[in-house]
Amino acid sequence: MITILRDAGLSRLIESESLERLAEGFQFTEGPLWCSDGLLLFQDIKAERTYRLGTSGTLEVLREQTGAANGQTFARDGRIVFCEQNGRRVSRMNRDGSRVETVAETWSGQRLNSPNDIVARSDGLLFFTDPPYGVEPAQRALHFQGLYALDLAGTGPAAVRLLADDFEKPNGLAFSPDERILYVCDTARYHVRAFEVEPSGSLRVGSSRVFARLDPGQPGGPDGMKIDRQGRVYVAVALGVWVFESHGKLLGIIATPNRPANLAWCDSDAQGLAITAVDAVYKVRLNVPGCLPPFTP
Numbered sequence: 683m684i685t686i687l688r689d690a691g692l693s694r695l696i697e698s699e700s701l702e703r704l705a706e707g708f709q710f711t712e713g714p715l716w717c718s719d720g721l722l723l724f725q726d727i728k729a730e731r732t733y734r735l736g737t738s739g740t741l742e743v744l745r746e747q748t749g750a751a752n753g754q755t756f757a758r759d760g761r762i763v764f765c766e767q768n769g770r771r772v773s774r775m776n777r778d779g780s781r782v783e784t785v786a787e788t789w790s791g792q793r794l795n796s797p798n799d800i801v802a803r804s805d806g807l808l809f810f811t812d813p814p815y816g817v818e819p820a821q822r823a824l825h826f827q828g829l830y831a832l833d834l835a836g837t838g839p840a841a842v843r844l845l846a847d848d849f850e851k852p853n854g855l856a857f858s859p860d861e862r863i864l865y866v867c868d869t870a871r872y873h874v875r876a877f878e879v880e881p882s883g884s885l886r887v888g889s890s891r892v893f894a895r896l897d898p899g900q901p902g903g904p905d906g907m908k909i910d911r912q913g914r915v916y917v918a919v920a921l922g923v924w925v926f927e928s929h930g931k932l933l934g935i936i937a938t939p940n941r942p943a944n945l946a947w948c949d950s951d952a953q954g955l956a957i958t959a960v961d962a963v964y965k966v967r968l969n970v971p972g973c974l975p976p977f978t979p
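Under our numbering, the first residue of the sequence shown is numbered 683, with each subsequent residue one higher.
Set out below in structure tokens:
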């Protein structure tokens, strides 16, 4: 592993100077999600498969024909909620891949674009992004790319609320440790935005700000994102995983062999960072634990 633009802060964070390759031979890996029993779930978008990787390195296909499933997290009931890029909906399933059902595919009677990534808040409210990656322009019903809140306890159209529609291509998202700040990547604009979030799930009016601008000097804007328990922000971008202090200072970049797409905290101490990067899945060990999804079983 090579780290660049590195200062002493990043040096103290990294436990090992090498990336561990967990699995390889895929088409385009995404959506990693760790379970406390040691299993790591992740997607191969182009192959339309969900994989399950065991602690001993055993790999099995959990689901096929996934609708190009992408980001995923755990709901309050322990089931997995995931975005279907080509299916143009948010769905959920049991941890063994059974009982798949749609939970959101429209807003205000209009079909969603192409849900991309999703996170849960500790009260069970879900937040997801809806860029246009998996839909042709002529098929789109919505002519904006939104950030939404999804209440699985609600019913009908009111269960899906539009929070913001001024993105070009919203992508990865993550909460600060206290859940007061929601960070959202806008891939096309090469920046990460930060919003203050009300207890209701609405965004505080006037709170939007650009948290960080990321210009790798080559194609590949910010994609997936995770936060550690001290508030640092880790963003998958061209060149590798960019690490920022909570106030926006860039500490450095953890370089990866291929462009990373998404991240997940893993290991029993939550100090492993799983990285999906094109044809492979990697892990780097850090000296600080990350914020696991609130309903990690």
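Ideal Cβ placement from N, Cα and C applies to all residues, glycine included. In this text, all values refer to a predicted model and were calculated from it rather than measured experimentally.
Beta-carbon gap between Gly753 and Asp961 smaller than 8 Å | Along the sequence shown, read from residue 1 onward, the residue named residue 753 stands at position 71. Along the sequence shown, read from residue 1 onward, the residue named residue 961 stands at position 279. In this structure, the beta-carbon distance from Gly753 to Asp961 does not fall below 8 Å.
Tell me, please, which residues DSSP counts as bridged to His873.
-> Residue mapping note: residue 873 aligns to position 191 of the sequence shown, counting from 1. For His873, the pairing in a beta bridge is given by DSSP as Asp868, Arg895.
Leaving out five residues on either side along the sequence, give the residues of the same chain with a beta carbon under 7 Å from the beta carbon of Arg914.
-> What you label residue 914 is simply residue 232 of the sequence shown in a count that begins at 1. The answer, listed in chain order, is Val925, Phe926, Glu927, Ser928.
Please say whether Arg871 and Asp878 have beta carbons closer to each other than 8 Å?
-> As a first step, residue 878 must be located in the sequence shown, where it is residue number 196. As a first step, residue 871 must be located in the sequence shown, where it is residue number 189. According to the sequence shown, residue 878 is Glu rather than Asp. No.
For Val831, the residue or residues it bridges with in DSSP | By 1-based counting over the sequence shown, the position of residue 831 is 149. In the sequence as presented, Val is not what sits at residue 831; that position holds Ala. For Ala831, which the question treats as bridged, DSSP gives the partners Phe809, Arg843.
Inter-residue spacing [alpha-carbon to alpha-carbon] between Gln792 and Arg770 = The count along the sequence shown starts at 1 and reaches residue 792 at position 110. The count along the sequence shown starts at 1 and reaches residue 770 at position 88. Roughly 11 Å separates the two Cα atoms.
Leu735 to Ala946, Cα distance in whole Å?
-> Residue mapping note: residue 735 aligns to position 53 of the sequence shown, counting from 1. Residue mapping note: residue 946 aligns to position 264 of the sequence shown, counting from 1. Using only the alpha carbons, I get a separation of about 13 Å.
By Cβ distance below 7 Å, which residues in the same chain neighbour Phe810 in space, the five residues on each side in sequence not counted?
-> For this step, residue 810 is matched to residue 128 along the sequence shown. If the five residues before and after Phe810 are omitted, its C-beta is found closer than 7 Å to the C-beta atoms of Cys765, Val772, Pro797, Asp799, Ile800, Tyr830, Leu832, all from its own chain and listed in chain order.
If we count the other Cβ atoms within 10 Å of its Cβ and call it buried at 16 or more, is Val874 buried or exposed?
-> Taking the sequence shown and counting its residues from 1, the one referred to as residue 874 is at position 192. Counting the other CB atoms within 10 Å of its CB gives Val874 a total of 16 or more, which places it among the buried residues.
Beta-carbon separation of Glu697 and Asn944 under 8 Å?
-> Within the sequence shown, the letter at position 15 stands for residue 697. Within the sequence shown, the letter at position 262 stands for residue 944. Cβ distance not < 8 Å, so Glu697 and Asn944 don't count as in contact.
With burial defined as no fewer than 16 other Cβ atoms inside 10 Å of the residue's Cβ, what is the status of Glu818: buried or exposed?
-> Position 136 of the sequence shown holds residue 818. Residue burial annotation: Glu818 is exposed, with fewer than 16 other C-beta atoms found within 10 angstroms of its C-beta.
Please name the residue in Gln767, Ala846, Phe857, Glu850 whose C-alpha comes closest to that of Val917.
-> Looking up residue 917 in the sequence shown gives position 235. Of Gln767, Ala846, Phe857, Glu850, the residue nearest in Cα terms is Phe857.
In terms of residues, what are the limits of the beta strand (DSSP E) holding Gly934?
-> Here residue 934 refers to the residue found at position 252 when the sequence shown is read from its first residue. For Gly934, the enclosing beta strand (DSSP E) stretches over residues 932 to 937.
Range of the contiguous beta strand (DSSP E) that encloses Gly713 = Within the sequence shown, residue 713 is the residue found at index 31, counting from 1. Here the beta strand (DSSP E) through Gly713 covers 711 to 716.
Would you kindly work out how many angstroms separate the C-alpha atoms of Arg941 and Ala823, rounded to a whole number?
-> Against the sequence shown, residue 941 aligns to sequence position 259. Against the sequence shown, residue 823 aligns to sequence position 141. Going by the C-alpha atoms only, they are around 31 Å apart.
So what's Pro852 in DSSP terms, helix, strand or just coil?
-> Taking the sequence shown and counting its residues from 1, one reaches residue 852 at position 170. The DSSP-derived three-state label of Pro852 is strand.
Use the C-beta contact count for Pro714: other C-beta atoms within 10 angstroms, 16 or more gives buried, fewer gives exposed.
-> By one-based count along the sequence shown, residue 714 stands at place 32. With 16 or more other Cβ atoms within 10 Å, it is buried.
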